[in-house]
Amino acid sequence: MSMYQDEFRRSIDQPEAFWAEQARRIPWFTPPTTILEYDEANHARWFVDGELNICHAALDHHVEQGRGDQPAIFWDSPVTDSKRTLTFAEMRDQVALFAGGLRAQGVGKGDRVVIYMPMVPEALIAMYACARLGAVHSVVFGGFAPHELAVRIEDAAPKVVIAASCGIEGSKVLPYKPIIDEAIEQSAHKPDACVVFQRDQHLAELGPRDHDWAALVDKAEPAECVAVKGSDPLYVLYTSGTTGKPKGVVRDTGGYAVALAYSMDTIYDVDPGDVFFSASDVGWVVGHSYIVYAPLLRGCTTVVYEGKPVKTPDAGAFWRLISEYRVKSFFTAPTAFRAMKKEDPDAKLMAQYDIACLKALFLAGERLDPPTFHWLDDLMDVPVIDHWWQTETGWPIAANLQGLEPMPTKAGSATVPVPGFNVQILDREGEQVGPMEQGSVVIKQPMPPGCLTGIWGDPKRFHSAYMAAFPGYYLTGDGGYFDEDGYLFIMGRTDDVINIAGHRLSTGEMEEVVGAHPAVAECAVIGIHDAMKGQLPVGLVIPKDGFEGREADLEEELIALVRDKIGPIACFKQVLVVDRLPKTRSGKILRKLLRNIADGKEFGVPSTIDDPASLQDVHEAMKERAVGTAHEARQV
1 MSMYQDEFRR SIDQPEAFWA EQARRIPWFT PPTTILEYDE ANHARWFVDG ELNICHAALD
61 HHVEQGRGDQ PAIFWDSPVT DSKRTLTFAE MRDQVALFAG GLRAQGVGKG DRVVIYMPMV
121 PEALIAMYAC ARLGAVHSVV FGGFAPHELA VRIEDAAPKV VIAASCGIEG SKVLPYKPII
181 DEAIEQSAHK PDACVVFQRD QHLAELGPRD HDWAALVDKA EPAECVAVKG SDPLYVLYTS
241 GTTGKPKGVV RDTGGYAVAL AYSMDTIYDV DPGDVFFSAS DVGWVVGHSY IVYAPLLRGC
301 TTVVYEGKPV KTPDAGAFWR LISEYRVKSF FTAPTAFRAM KKEDPDAKLM AQYDIACLKA
361 LFLAGERLDP PTFHWLDDLM DVPVIDHWWQ TETGWPIAAN LQGLEPMPTK AGSATVPVPG
421 FNVQILDREG EQVGPMEQGS VVIKQPMPPG CLTGIWGDPK RFHSAYMAAF PGYYLTGDGG
481 YFDEDGYLFI MGRTDDVINI AGHRLSTGEM EEVVGAHPAV AECAVIGIHD AMKGQLPVGL
541 VIPKDGFEGR EADLEEELIA LVRDKIGPIA CFKQVLVVDR LPKTRSGKIL RKLLRNIADG
601 KEFGVPSTID DPASLQDVHE AMKERAVGTA HEARQV
């Protein structure tokens with residue numbers, strides 16, 4: 001690890017010199033001379049006097065460097081039976097024209113634009129067009145309910161809303177325009193205009209405020225790139241699962257561009273001309289960072305996929321995409337592979353495709369449980385790499401650095417902190433703990449470039465949510481530990497640590513044991529209230545397709561397994577076999593909601609849920625099996 005250690009120590013001991021060097025990866029209009037400064041609240045700000053435009057750096061620059069004919073986007077949409085390729089030159093030209101159309105609607109530097117679109121190339125064009133003008137975009141996941149869209153419109157106060165006429169959810173067409181109209185009706189803020197990209201699957205009726213995308217572009221004059229400061233905001237992204245007043249993470253322009261360019265080289269080991277595929281959505285941070293911006297900044301081709309890991313048409317979808325587009329580096333969430341594993345446990349569909357082009361598989365978005373890691377590791381001839389980061393950080397905090405010094409993998413570990421992230425483990429008193437001791441995972445200031453610079457319109461909330469718990473540190477909200485080799489293990493949110501009769505136990509550890517059973521495709525372990533012991537664990541498991549055993553036998557085996565691996569102290573005595581688990585659209589299991597149901601609390605259906613019926617199914621299963629006080633829980 002000598003190369004890694006040298007680079008990491010330089011990034012921590014000499015952050016200004018280190019990041020000044022990395023900043024040279026970006027074509028600035030005016031290179032920064034002030035690399036790092038601190039604001040009045042003592043939060044780091046990077047490259048404040050540099051001037052750039054991220055659209056220029058990702059598109060125009062590459063055309064100028066002779067990459068105009070290289071594909072920038074491969075769009076693949078099995079749900080519409082459509083494919084499309086856009087070169088860097090075509091992308092630049094379409095972005096410039098659409099930016100001109102937005103400019104004609106009065107959009108300029110610093111204005112906000114809300115984007116509500118599915119996985120189509122026009123979503124990327126819209127984002128880059130905003131960046132080209134120096135406007136601040138806020139992408140809301142297509143399909144969010146009107147109320148959730150309304151509170152985001154009200155918070156961001158956009159001049160314009162950009163939408164598609166519809167999205168495609170499996171085989172269903174979801175019209176977007178009624179959602180937009182209702183959201184604007186509910187919002188106290190009214191945008192000046194709404195631009196609608198019409199899709200053949202459903203044509204929206206346009207009203208007085210609305211503009212047809214194609215007609216707007218037909219009348220537009222191309223817009224040039226507007227210079228912005230390195231510290232100027234690029235976008236506001238609202239965190240998933242937000243309730244009440246939304247929490248809009250603010251991302252700067254210069255620090256983000258530098259961090260993404262560094263990560264593509266150092267973490268993902270991709271070069272200009274390579275193909276990078278991230279199976280996410282532009283509505284999430286992964287989509288922003290590793291579908292839209294990072295690949296094109298690096299001069300790579302990005303795959304934009306409008307489909308699912310399964311059922312569009314089958315569990316071989318990802319293997320087909322990797323083979324067809326010659327993907328070098330692939331990135332998705334562990335939940336996608338658990339879904340594939342459930343439908344195709346022996347990965348027979350993979351054998352139909354030539355995926356020799358693939359050099360590394362990256363997973364993030366939730367903890368990569370060891371059973372899924374081992375399934376993939378046994379299956380693949382390439383490194384299977386868990387890496388860990390958050391919406392707030394915008395790029396990986398910990399990873400196995402394939403472009404710097406690849407390291408042996410360890411199941412359950414995100415490997416080591418990425419240079420720039422001074423990760424530490426603290427106890428409740430704020431003292432550092434030793435190897436193998438669990439505690440709160442924090443990042444010592446200064447946070448590296450690319451991380452959030454605030455909460456939109458609410459600087460006090462930024463400090464109270466992330467910086468106040470341990471002064472001088474950013475609180476990740478996750479618990480974990482370092483082992484004796486310096487490998488970082490993230491065990492889940494700190495509220496996933498349960499207290500059983502005074503003993504603190506990780507539900508993540510129990511999930512490892514349960515998930516290792518050969519009949520289990522996916523699982524969640526939650527802690528529920530118990531009058532005697534404080535909390536008790538309950539397991540929810542989904543069997544693999546083809547499971548023919550008795551559910552009661554499986555439950556008994558899992559209880560015995562946890563007793564054997566962790567001990568009677570875990571008090572693991574209740575398991576429910578379910579058909580599905582409630583998850584967000586980004587694949588995270590809604591554990592807090594499950595706890596609330598088990599504890600008899602009122603619960604709502606969150607805007608981020610992928611399958612609302614799954615929540616009711618689990619609620620009914622809990623009531624039937626007398627889990628906690630689930631019989632008292634009531635949907636509101």
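When the count follows the UniProt record's numbering, it moves up by one through the sequence shown with no breaks and lands on 636 for the last residue.
We put the CB at the ideal spot given by N, CA and C, even for glycine.
Query	Result
Cα-Cα separation, residue 416 to residue 441	13 Å
Burial state of residue 143 (16 or more Cβ within 10 Å)	buried
C-beta contact flag for residue 419 and residue 10 at 9 Å	yes
Test item: CB-CB of residue 79 and residue 115 under 9 Å	no
Residue environment, residue 62, which counts as buried when at least 16 other CB atoms sit within 10 Å	buried
C-alpha gap between residue 586 and residue 610, whole angstroms	8 Å
C-beta contact flag for residue 637 and residue 577 at 9 Å	Residue numbering for the chain in the displayed model covers 1 to 636; residue 637 lies beyond these limits and cannot be assessed.
Contained alpha helix (DSSP H) runs [length at least 4] in the region 207-280, N- to C-terminal order	213-218, 254-266
Pair within 9 Å by beta-carbon distance, residue 251 and residue 450	yes
Whole-number beta carbon distance between residue 309 and residue 279, since they are thought to touch under 8 Å	7 Å
Local conformation of residue 478 per DSSP, three classes	strand
Coarse secondary structure for residue 395, derived from DSSP in three states	coil
Between the CA atoms of residue 88 and residue 228 - distance to the nearest angstrom	22 Å
Sub-9 Å separation of residue 524 and residue 580 beta-carbons	no
Residue 337 versus 352, 236, 319, residue with shortest Cα-Cα distance	319
Pairwise C-alpha distance: residue 332 and residue 99	31 Å
Between the CA atoms of residue 124 and residue 444 - distance to the nearest angstrom	34 Å
At least 3 beta-carbon pairs within less than 8 Å: the region 465-477 vs the region 260-275	no
Burial state of residue 551, where buried means 16 or more other Cβ atoms lie within 10 Å	exposed
Rounded separation between residue 241 and residue 66 - CA only	Because residue 241 sits at a pLDDT of 38, beneath the cut-off of 50, its placement in the model cannot be relied upon, and the point is left open.
Which of helix, strand or coil DSSP assigns to residue 415	coil
Contact set for residue 103: own chain, Cβ-Cβ below 7 Å, skip 5 residues either direction	133, 223
Residue 543 versus residue 491: straight-line alpha-carbon distance, rounded	23 Å
Cut-off 6 Å between Cβ atoms - residues of its own chain near residue 476, not counting five sequence neighbours on either side	441
Residue 614: first and last residue of the uninterrupted alpha helix (DSSP H) it sits in	612-624
Presumed contact (8 Å Cβ cut-off) between residue 446 and residue 174, rounded CB distance	About 43 Å; that fails the 8 Å criterion.
Supposed close pair residue 101, residue 203 - CB separation, criterion 8 Å	Between residue 203 and residue 101 the Cβ distance is about 19 Å, and since that is not below 8 Å, they are no contact.
Distance, residue 500 Cα to residue 560 Cα	18 Å
DSSP bridge partner residues for residue 524 (one or two, in chain order)	540
Endpoints, alpha helix (DSSP H) assigned at residue 374	370-379
Nearest-angstrom Cα separation, counted from residue 41 out to residue 193	37 Å
Bridge partner(s) assigned by DSSP for residue 53	Residue 53 pairs with nothing; no bridge assigned.
Which of helix, strand or coil DSSP assigns to residue 432	strand
Contiguous alpha helix (DSSP H) assignments of at least 4 residues, all confined to the region 282-315	294-297
Rounded C-alpha distance that separates residue 171 from residue 201	11 Å
Sufficient close CB pairs (3 or more, under 8 Å) joining the region 366-374 to the region 319-330	no
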